[in-house]
Amino acid sequence: MSTTSTICLLTDERVHAVACSAHRRGCAVVARAHVEHHVPASLLVEHDAEALATAVRQAVDALQRAAASVTLVIPQTWCISHVLSAGGRRMRHEALVYEFEAFLPIPLEELTLVLRPLADNHVLGVALPTASMRRLRDALVGHGIEVDHIAIDGFEAARESEQRAGDTEESVAVAIFDHRSSRLLLHAGRPTQRTVNLPGANDGRSPAQILGDDLRRLLPPNKTPPSRWKVLDVAAGEAAPVSVEGVAVDHLAGEAAVDAIVCHLASKNPFVDLAAGTLAGGRSRHTVARLTGQCLAAAIVLALVTAVGMYVKTRQIDGRIVALEEAQGTAYHTVFPAGELPPGAALRLASERIRLEGLTRKGDASAGLVASGPLVRLREAVAALPADVRVLLTESRIDEQQFLLRGQTAEHRDAERIAEAVAAVPGIEVRPPRTTRLKSGGVDFTIVAVPRGKQ
Amino acid sequence: MSESPHGIEERPNRSRERLMLLAGVLALCVLLAGFQWRALGARAETHATLAVRLDQMRHDAERINALRDAPRSALSRSRPSDELLAQVEKALAAAGIDRGAWRDSVPAPAVPVPGSDYRRLTTRLYFEQVGLKQLASFAEALESADATLSVSAVNLRAREESSQLYDADVGVAYLLYAPKGK
């Protein structure tokens, strides 16, 4: 499965856009386009970031492929680079920055600095003017282009060249020939930054002569000349066979030169990525990570405060529970002074209350005559008897179920009056009396009453 | 130019590790907060239950202390027969009834009072040649001496030799408080 990346290369007079596809066997160019545009030689001079962003947009659009983000390859002349030696000891980041600062023409605070470890205890430091680059990046964002990476043409070209050579000990020099200048990028295994401004016109020399002269001018004085040159001619249309006396030249021109610089970026991160710090993209993982970290920290604080608050509240409630248990003991011991508080003290008190309520309930729970005592009822009946009625009581039965009077009186009418008197007793109903005339005179009567409602 | 760092302490990018550590700490804190939440909930429930229980206990204690001084209307256990008979003898003496007039006493089995937790135990006392006034005095003396005792029945039969004297059987009853399950 292949992935396609869009890479924009800025040269002196062009903005190149290349869509590269990365797969297991390598990278391949899927589409390419370029727009003529005068790219500034340095970010330290005034330039029209908006116009440059527009040119990039036009080049990307010309690819006719949707690309929301690009890798921007900028000229090495935009950067300040230097190789530091750690001197055989481990150096901290702050110490390296301090050493690098000595080589800066402008304050470090105005630059975005990236340090890249190298072999043999060396460190490559690359710095880029932050404000100027941010203006260009913001202009690109305004055109709908996010910059994921900011690579440097020289380091990418030298990196690719070295990998192709496969031999770090060989003295190889890598140079880019552009419209306005030529830049020596790699010499004797070390990145360099040596630029030669090209003359404006061809003075009749052959391409080989021009190349040979420029190559010789690129070399620092008193340095051993390399045995092989890698020349990436981004200004020329096509490569011409070039031979320079005593020097092997590997000459790539035009599209081949552009590909040599950018194609591998489809599968690899830049050797030095200046999209760092404030130059990172709007969707930078760093920014997201920072915000995420802040949110997590805030959530941790909130969770801790909540946990502590609930712990404090729990302890307060524990204190109140202890007070309640003591109060329960006090309430229990007002009833049962001796002994410890049993586990079911509340049930014990409730049971005792119910028992005592049962033993002290007023009045009889039953219905019937006995609510006010049989003798009381007899007394009430007798008290209701008329004074002029004579009664001989021979038998009475008074209990819950009945009120019976049996006796003798003078007349039937007197028996009825006796029955009326019995009817005055509350809660009973009197049946009509039964009377029997006695041979000896007088009347024998029987009066029966039952509880009211029970006939 | 090599890409491998040698001997240089490169500032490592540990943002991912830091985020994972923060996420782990957050998970622990949330767990801790969760445990505290549960503990708080349980404690609050216990507090509420204890508060209600304390109110009930205080009410019951107050009621118990009041009822302990109230006159009893029932007993929690059966009265021994000799205790009852001793009460009867005292009441007879108070009413001026000769001990010889008391002929017999027959206890009846306990009878449940319908719709209640009570049972009634009745003892029938048999007397000969007693007057109505004496019987009334006896009932009053018995009930005054022990509020749990009451005269539940009176049967009188006039004696032939005198209209003022009766043979009587009197039911003396008391209530036994026996809730279901006892």
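Same order as they appear, the protein sequences are chains A and B. First residue of the first sequence? That's 371 in the working numbering, and the numbers climb one at a time after it. First residue of the second sequence? That's 524 in the working numbering, and the numbers climb one at a time after it. We put the CB at the ideal spot given by N, CA and C, even for glycine.
Determine the DSSP secondary structure at F650 (chain B), reduced to helix, strand or coil.
-> strand
Measuring only between beta-carbons, confirm whether L486 (chain B) sits less than 9 Å from chain A.
-> Only positions 524 to 705 of chain B appear in the structure, and residue 486 (chain B) is not among them; the question remains open.
Contact set between the stretch 537-561 of chain B and chain A, restricted to residues whose Cβ is under 7 Å from the partner = S538, R541, L542, L545, A546, V548, L549, C552, V553, L555, A556, Q559 and W560
Output the boundary residues of the beta strand (DSSP E) element that contains P630 (chain B).
-> W625 to P630
In whole angstroms, what separates the C-alpha of E727 (chain A) from that of R718 (chain A)?
-> 14 Å
Please list, in chain order, all residues of the same chain as Q698 (chain A) whose beta carbon is under 8 Å from its beta carbon, the five residues on each side excluded.
-> L711, A715 and A716
Flag Q446 (chain A) as yes if its beta-carbon sits less than 9 Å from any beta-carbon of chain B, otherwise no.
-> no
Look at the Cβ atom of A662 (chain B), then the Cβ atom of G743 (chain A), and state whether they are nearer than 9 Å.
-> yes
Alpha-carbon spacing of V800 (chain A) relative to A794 (chain A), whole angstroms = 9 Å
What does a CB cutoff of less than 6 Å around R642 (chain B) pick up in its chain, not counting 5 residues either side in sequence?
-> A633, P635, L699 and A701
Local Cβ density within 10 Å of P637 (chain B), reported as buried at 16 or more and exposed below that | exposed
Counting only the same chain and skipping the five closest in sequence on each side, list residues whose C-beta sits under 6 Å from that of H703 (chain A).
-> none
For G694 (chain B) and chain A, any beta-carbon pair shorter than 9 Å?
-> yes
Name the chain B residues whose beta carbon is nearer than 9 Å to that of G663 (chain A)?
-> S538, R541, L542 and L545
In the DSSP assignment, what residue or residues form a beta bridge with T374 (chain A)?
-> A:S391
Below 6 Å CB to CB, which residues in the same chain sit around A735 (chain A) once its five sequence neighbours on both sides are set aside?
-> Caution applies to A735 (chain A), whose pLDDT of 44 falls short of 50 and renders its modelled position unreliable; the model cannot decide the point.
Collapsed DSSP secondary structure at L554 (chain A) in the structure displayed = strand
Minimum Cβ-Cβ distance from Y681 (chain A) to chain B less than 9 Å | yes
Curious, which full-length beta strand (DSSP E) runs of at least 3 residues does the stretch 777-822 of chain A contain?
-> 798-800, 804-807 and 813-821
Under 8 Å by beta carbon: chain A residues contacting I573 (chain B) | Sequence inspection shows Leu at residue 573 (chain B); the Ile mentioned does not correspond to that position. Within 8 Å Cβ-Cβ: I691, L694, E695 and Q698.
In angstroms, rounded to a whole number, what distance separates the CA positions of H549 (chain A) and H621 (chain A)?
-> 16 Å
Identify the contact partners of S375 (chain A) in chain B, using a Cβ-Cβ distance below 9 Å as the criterion.
-> Result: empty, since nearest Cβ-Cβ is about 20 Å, beyond 9 Å.
Bridge-paired residues (DSSP) for G495 (chain A) = A:H452 and A:L485
Rounded straight-line distance, which links the Cα of P640 (chain A) to that of A437 (chain A) | 19 Å
Proximal residues of chain B, C-beta to C-beta of S766 (chain A) below 8 Å = V677, N678 and L679
Per-residue DSSP class, three states only, for I515 (chain A) = coil
Verify the CB distance criterion: does Y702 (chain A) have a CB-CB separation below 9 Å to chain B?
-> yes
Enumerated in chain order, which unbroken segments of the alpha helix (DSSP H) with a length of 4 residues or greater are wholly contained in the stretch 582-620 of chain B?
-> 604-618
So, is Q664 (chain A) buried or exposed, given that buried needs 16 or more other C-beta atoms within 10 angstroms?
-> exposed
What's the call for K828 (chain A), buried or exposed, on a 16-neighbour Cβ count within 10 Å?
-> In the structure as shown, chain A begins at 371 and stops at 825. Residue 828 (chain A) is therefore absent and cannot be evaluated.
Alpha-carbon spacing of E471 (chain A) relative to R541 (chain B), whole angstroms | 30 Å
From what residue to what residue does the beta strand (DSSP E) around K600 (chain A) run?
-> R598 to D603
Run down chain A in chain order and give the residues with a C-beta less than 8 Å from the C-beta of A659 (chain B).
-> L745 and R749
Neighbour flag for D583 (chain B) against chain A, beta carbons, 9 Å = yes
Nearest-angstrom Cα separation, counted from P445 (chain A) out to S552 (chain A) | 11 Å
Run down chain A in chain order and give the residues with a C-beta less than 9 Å from the C-beta of R600 (chain B).
-> Those do not exist, as R600 (chain B) stays about 11 Å from chain A at its closest Cβ, beyond 9 Å.
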